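One structure below.
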Amino acid sequence: NTYKESLTQACWIEAMQEELNEFERLEVWELVPRPDKVMAITLKWIYKVKLDELGGILKNKARLVARGYRQEEGIDFEESFAPVARVEAIRIFLAYAAHKNMVVYQMDVNTAFLNGNLGEEVYVSQLNGFVDPDNPNYVYKLKKALYGLKQAPRA
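Each residue of the sequence shown is one higher than the one before, starting from 1 at the first, in UniProt numbering.
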């Protein structure tokens, strides 16, 4: 789905609103006047249809992500981390769990990256279709990590 297509379908509008409500609940950002000489990072929507075991539609998920490639090291972030475990580490963990007869559960954390606080000041633009009518020139100052940021994986 493209953004324009998604705005014509109630299920995707609801999914986008659900994501924004979660941002508000978790206090991910605050709307502030744009600081001088600050380049706000732009955001984009990623759409995914989650299916159940039989292939039926379980949920439409809209995820808001930062276009992290627009960040500059030393300005927007100091260092970045990979959010991926090495396959060897996973195998060792599973072998140990099996040896100890432990039960291992796979979990899907709905807003995993939105729980980490940021060390740097990061600003993102308001979204098309979701611009505050009273403050259209304001930007969001992030309080917590966001998908796509160079800082997000360590949060």
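Backbone N, C-alpha and C fix where the C-beta goes; we use that ideal spot for every residue, glycine too. The structure displayed is predicted, hence computed values, not measured ones.
For residue 97, the first and last residue of its enclosing alpha helix (DSSP H): Per DSSP, residue 97 belongs to the alpha helix (DSSP H) from 87-99.
Residues that residue 45 bridges to, as DSSP identifies them: Paired residues: 64.
Run of the beta strand (DSSP E) containing residue 142, from where it starts to where it stops: From DSSP, the beta strand (DSSP E) with residue 142 extends over 139-142.
Any non-hydrogen atom of the ligand NAD closer than 6 Å to residue 140 Cβ: What this structure holds is no ligand at all, so the ligand NAD is not there to describe.
C-beta atoms of residue 131 and residue 41 nearer than 7 Å: 7 Å or more divides the Cβ of residue 131 from the Cβ of residue 41.
Closest residue to residue 62 among 18, 32, 33 (Cα-Cα distance): Cα-wise, what sits closest to residue 62 is 18.
Three-state secondary structure (DSSP) of residue 20: Residue 20: helix per DSSP, three-state reduction.
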